[in-house]
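All the letters of the first sequence, read from the start, carry residue numbers 5 to 656 under this note's numbering.
For glycine and all other residues, C-beta sits at the position ideal for the given N, C-alpha and C.
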Amino acid sequence: MKRYITNPPFSDSILKTVLFSSRHFASSAATAPLDLEDDIGGFTGASFGGIIQDKDLLRKTPNGLYVLGLIDNGAMDPNATLYNQLLKRCTQLGRLKEGRLVHAHVLNSSYRNYVAVQNSIINMYAKCGSPVEARKVFDEMAERDMVSWTAVITGFSQNDRAQEALGLFVEMLRDGFVPNQFTLGSVLKAATAVGEMEGRQIHAVCLKSGHGDDVYVGSALVDMYAKCGQMEEAKVVFDGLMSKNEVCWNALIAGHARKSEAAIAVRLFSEMKKAGFEATHFTYSSVFAACASIGALEQGKWVHGHLVKSGLKLIAFVGNTLLDMYGKAGSIEDAHKVFDRLVKRDVVSWNSMLTACAQHGLGRETVECFEEMRSRGILPNEVTFLCVLTACSHSGLLEEGLYYFELMKKLKLEPDISHYVTMVDLLGRAGQLGHAEKFIKEMPIKPTAAIWKALLGACRMHKNIDLGAYAAEQVFELDPYDSGPHILLSNIYASAGRLRDAANVRKMMNDSGVKKEPACSWLEIENNVHMFVANDDSHPQRNEVRRMWEKIADKIREIGYVPDTSHVLWYVDQQEREVRLQCHSEKLALAFALLNTPHGSTIRIKKNIRVCGDCHTAFKFVSQLVGREIILRDTNRFHHFRGGSCSCGDYW
DNA sequence: ACACTCAGAC
């Protein structure tokens, strides 16, 4: 067999690579599709003359080794087109090793200085994840054209090396090249990764060179503004595009999804379909993620309907997001159905199902699901254990939690800080405050603010003032601008009757400029989202809503509700505190729901911060009074109120 | 014959 390495005109490093690769493929029966020597044995150059035109030639060995064998054997004369086809093949299949072999062949041929072939080589290295090799070929070229520049810039842009891509772009301009739509598409992607300033500068270049309305450049621009959070500007660019495709629609929709603007994302999805574009898995995934973030169940279901009609398979890529959406929107039943119907489940599918169970306080079911996962031979990962530990923590399964933490380490999975936070939470909620403190002292990584926040939360739950104050001090040190811990500490003092200390924490907060996130609750009725903020008068039905709550409050008092004003911070008299308490956003939302939804239907309310103790009690009484299920989504879990009790068992 | 845009979930 003729070896092409006998008289190498190319550099040592490539030679070594080629030798290595060549041996590798020859010796590895599992990866080499066929033995080159056997495959071409007995044929002569002449008999292969016609095969060069044969479209099946490259298909015989998809990675091109077959053809390289023919060339090696002298059975076939290559030309520039053939090399380009081979390189394209390697690029499409992401075959770096075979690509290097073709590169070596080219260097040994008379086509080594052909710009088009060199460009294909650059492109091959760029797409196969090796921008450095692409750059090396580029640097050694005697002459470069637009395609060379674009290919090498794209190499860095697509391999998360945006700064180098932008650097090359500047060099290109310095060399006198005027960028075209191909270059600008890639450069914009790089600029987007670097920052808003850079993005805007490249936008200016696009406008100057007249490529601003190309659909590729335009999509990249829409994405750039969307990633900066500048949705108005993204929309201006989008509207200015004469011809659109699914990419620019997806970029715009994903931008709104990132900002949790579910209503807009859903509306755009609908407009996209009306305009005649097919929603892809990515489109669905973005829209479901948007619905998940605000718990928009009805809108999510509506889009799910479109997915079913579209005929797209329920693969994990979109199914996992859909499952997550149902979990976060409060329908554990629908989450289960999606899980059952998935074409193929991956570890994330299982993790999402576990998360959904955990969020709904179904600790036992989570553990059962995890055991089923293991019995089916699915390998759990770090996230799996985080789900299980969270479930144990939320359901008070102390022993199980400790067991699974040890199991995790036994399976050689290293707990990260999130697992330690969950363990502190687990121990703390279960009332093992001393154990939790000891756990923190002994953990192998430095405790973060989140660790101390978990301990602080447990101290509030079990009314431990001293340890709570200590934990709060640690949090203030590590994360001074979070209002949550201030409020927690203040509540600890207030519920122990130490109102002066509570007021001091409040004052400290004000002095250091820490702002409390305004509490708000919202619910969805017939595709509209109604939002309520405590003591807020902006809703059109506010007077009706308030009167309704007063009526309800009177009725639940008759069956045992006693307002608990201990968590009201304001240093005001008892009557005023009670008035404030009755205006909490979740109570307003509940009153609104009772006014505007059919009798007997499930009420679903979402809240941006943890539900207050008094509202939790009131909701239990209301569920008994009206005989309806009320599902309240907290920051990280669900409360299902039914018949006077809550699924969390008052353990949250 | 060679170069471009978006991109889910725990």
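request  = Measuring alpha carbon to alpha carbon, tell me which of MET552, GLU562 and GLY564 ends up nearest LYS591.
outcome  = Nearest C-alpha to LYS591: MET552.
query = Just reading off the alpha helix (DSSP H) that MET535 is part of, what are its end residues?
reply = Looking at the DSSP string, MET535 is not in any alpha helix (DSSP H); the run it does join, the beta strand (DSSP E), is 532 to 537.
key: Where CYS295 sits in the DSSP three-state scheme   = Collapsing the DSSP output to three states places CYS295 in a helix.
inquiry  = So LEU225 and LEU272 are supposed to be a Cβ contact under 8 Å. How far apart are they, rounded?
reply    = Rounded, the Cβ-Cβ distance is 17 Å, inconsistent with contact.
request  = Measure how close the beta-carbons of ALA507 and ALA523 come, nearest whole angstrom, since I'm counting them as under 8 Å.
outcome  = That pair is no contact at about 20 Å.
ask   = Just curious, the alpha helix (DSSP H) that LYS690 is in, first and last residue?
value = In the structure displayed, the chain extends from 5 to 656; residue 690 sits before or after that span and is not available.
request  = Mark SER76 as exposed unless 16 or more other C-beta atoms lie within 10 angstroms of its C-beta, in which case mark it buried.
outcome  = The displayed chain sequence assigns Asp, not Ser, to residue 76. Buried, because 16 or more other Cβ atoms sit within 10 Å of the Cβ of ASP76.
message = Using 8 Å for Cβ pairs, my map puts TYR118 next to ALA84. What's the rounded Cβ distance?
response = Their Cβ separation, rounded to whole angstroms, is 5 Å, which keeps TYR118 and ALA84 in contact under 8 Å.
key: Residues that DSSP places opposite CYS524 in a beta bridge   = Beta-bridge annotation (DSSP): CYS524 is paired with VAL537.
Residues of its chain near ILE609, where Cβ-Cβ distance is below 8 Å and the 5 sequence neighbours each way are ignored = Taken in chain order, the residues that qualify are SER525, TRP526, LEU527, GLU590, ALA593, LEU594, ALA597, ILE634, ILE635, LEU636 and ARG637.
message = Classify VAL322: buried if its beta carbon has 16 or more other beta carbons within 10 angstroms, exposed otherwise.
response = When all chains shown are included, VAL322 counts as buried.
CB-CB length for ARG93 against GLY68, believed under 8 Å = The Cβ separation is near 5 Å, so the contact holds.
message = Can you give me the C-alpha to C-alpha distance between ARG632 and ILE560, rounded to a whole angstrom?
response = Taking the Cα positions, ARG632 is about 14 Å away from ILE560.
message = Just to confirm the assignment, what range does the beta strand (DSSP E) spanning ARG637 have?
response = In the DSSP assignment, ARG637 falls within the beta strand (DSSP E) that extends over 634 to 637.
query = Quick one: what's got a C-beta closer than 7 Å to GLN478's C-beta in the same chain, skipping five residues either side?
reply = Same-chain partners within the cutoff: TRP456.
request  = Give the C-beta separation of MET276 and ALA267 to the nearest angstrom, bearing in mind that I take them to be a contact with Cβ-Cβ under 8 Å.
outcome  = Going by Cβ atoms, the distance from MET276 to ALA267 rounds to 15 Å, so no, they are not a contact pair.
query = Ends of the alpha helix (DSSP H) at ILE382?
reply = First-last for ILE382: undefined, no H or E at that position.
key: Three-way DSSP call (helix, strand, coil) for ARG546 in this model   = Three-state DSSP puts ARG546 in a helix.
task = Buried or exposed for SER379, please, with buried defined as at least 16 other CB atoms from any protein chain shown within 10 angstroms of its CB.
result = Exposed.
key: Alpha carbon of VAL291 to alpha carbon of GLY304, nearest angstrom   = When rounded, the distance between both Cα atoms is 8 Å.
task = Check each candidate in ILE556, GLU580, ARG433 and GLU582 and name the one with the smallest Cα separation from LEU629.
result = Per the Cα distances, ILE556.
message = Alpha carbons only, please: which of ILE613, LYS414, LYS278 and GLY367 is nearest the one belonging to LEU401?
response = If you compare the alpha carbons of ILE613, LYS414, LYS278 and GLY367 with that of LEU401, the shortest gap goes to GLY367.
query = Hey, quick one: how far does the alpha helix (DSSP H) through ARG608 stretch, first residue to last?
reply = Boundaries around ARG608 are those of the beta strand (DSSP E), 607 to 611, since no alpha helix (DSSP H) includes it.
inquiry  = Taking the beta carbon of MET412 as the centre, do at least 16 other beta carbons fall within 10 Å, making it buried, or is it exposed?
reply    = Classification for MET412: buried.
message = Just to check my reading of the structure: SER152 and ILE126 have Cβ atoms closer than 8 Å, yes? What is that Cβ distance to the nearest angstrom?
response = The distance from the Cβ of SER152 to that of ILE126 is about 6 Å, consistent with a contact at the 8 Å cut-off.
ask   = Can you tell me whether ASN531 is buried or exposed, with buried defined as 16 or more other CB within 10 angstroms of its CB?
value = Per the 10 Å Cβ criterion, exposed.
key: Residue environment, HIS603, which counts as buried when at least 16 other CB atoms sit within 10 Å   = Label assigned to HIS603: exposed.
task = Could you tell me the distance, in whole angstroms, from the CA atom of ARG550 to the CA atom of ILE529?
result = Cα to Cα, the separation comes out at about 19 Å.
query = Helix, strand or coil: which one does DSSP assign to ARG262?
reply = Note: ARG262 maps to helix in three-state DSSP.
Cβ neighbours of ILE206 in the same chain (closer than 6 Å, five flanking residues each side left out) = Hits under 6 Å: VAL191, LEU192 and ALA195.
query = Could you give the distance in angstroms between the alpha-carbon of MET150 and the alpha-carbon of VAL270?
reply = Those two C-alpha atoms are separated by around 40 Å.
request  = Look at the Cβ atom of HIS644, then the Cβ atom of GLY299, and state whether they are nearer than 9 Å.
outcome  = Not in contact: HIS644 and GLY299 (Cβ atoms no closer than 9 Å).
ask   = With distances taken between CB atoms, is the gap from LEU358 to LEU346 smaller than 9 Å?
value = Here LEU358 is not near LEU346, since their CB atoms are 9 Å or more apart.
inquiry  = Please state the DSSP three-state secondary structure of PHE645.
reply    = Looking at PHE645 - three-state DSSP - the assignment turns out to be strand.
query = Comparing alpha-carbon positions, which option in TYR485, LEU437, GLU202 and ILE449 lies nearest ALA462?
reply = When only C-alpha atoms are compared, the closest one is LEU437.
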